[in-house]
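Its first residue numbered 1, the sequence shown is counted upward by one per residue in the numbering used here.
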Amino acid sequence: MKTENLSAIARIRIRRPPQDVFAAFADPEKMSQYWFTRRDDGLEPGESVSWFVGSEPDAFAIDVRVKELDRPHRIRIDWGADGKYSQVIWTFEPTEDGHTILSVQETGFTGSRDEVLARALDSTGGFNQVVVAAKAFIEHGVALNVVADHA
1 MKTENLSAIA
11 RIRIRRPPQD
21 VFAAFADPEK
31 MSQYWFTRRD
41 DGLEPGESVS
51 WFVGSEPDAF
61 AIDVRVKELD
71 RPHRIRIDWG
81 ADGKYSQVIW
91 TFEPTEDGHT
101 ILSVQETGFT
111 GSRDEVLARA
121 LDSTGGFNQV
131 VVAAKAFIEH
141 GVALNVVADH
151 A
């Protein structure tokens with residue numbers, strides 16, 4: 001099995017228009033309710049920001065480099081830590097009934113074969129939790145903090 005083309009993918013229908021779903025990822029206050037804690041002022045192409053695992057002042061930081069922001073259709077970032085970066089793309093596809101198909105895909109995993117497989121599997125599980133948490137937050141205002149509760 002070749003590992004250089006592995007990707008982590010998660011998809012879900014969210015019963016809100018794309019601009020609402022997009023905002024839940026682009027707006028730091030909204031995203032902090034259900035996923036990583038954010039201390040930035042929002043995403044802008046070309047900027048680098050940090051997303052935090054927890055809200056403590058010394059929480060582990062993930063470096064995020066914003067590559068593309070096409071409101072309300074697509075967000076593309078490179079993210080990682082310790083010099084190991086991968087690419088994540090969110091797409092917000094409108095449906096005929098005014099809802100959104102949210103897709104997240106992560107590619108570019110590096111390391112040994114076993115490390116790449118482990119990262120791809122972990123990211124697939126993680127992003128599936130994130131899209132469900134985003135759906136709960138966007139549709140129902142329920143904050144499922146999947147980062148704090150990750151086991």
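Backbone N, C-alpha and C fix where the C-beta goes; we use that ideal spot for every residue, glycine too.
{"Query": "Segment limits, alpha helix (DSSP H) that includes V116", "Result": "113 to 140"}
{"Query": "At least 3 beta-carbon pairs within less than 8 Å: the region 105 to 112 vs the region 130 to 147", "Result": "no"}
{"Query": "Identified DSSP bridge partners for A61", "Result": "F52"}
{"Query": "Beta-carbon gap between R74 and W51 smaller than 9 Å", "Result": "no"}
{"Query": "Coarse secondary structure for D20, derived from DSSP in three states", "Result": "helix"}
{"Query": "Local Cβ density within 10 Å of A120, reported as buried at 16 or more and exposed below that", "Result": "buried"}
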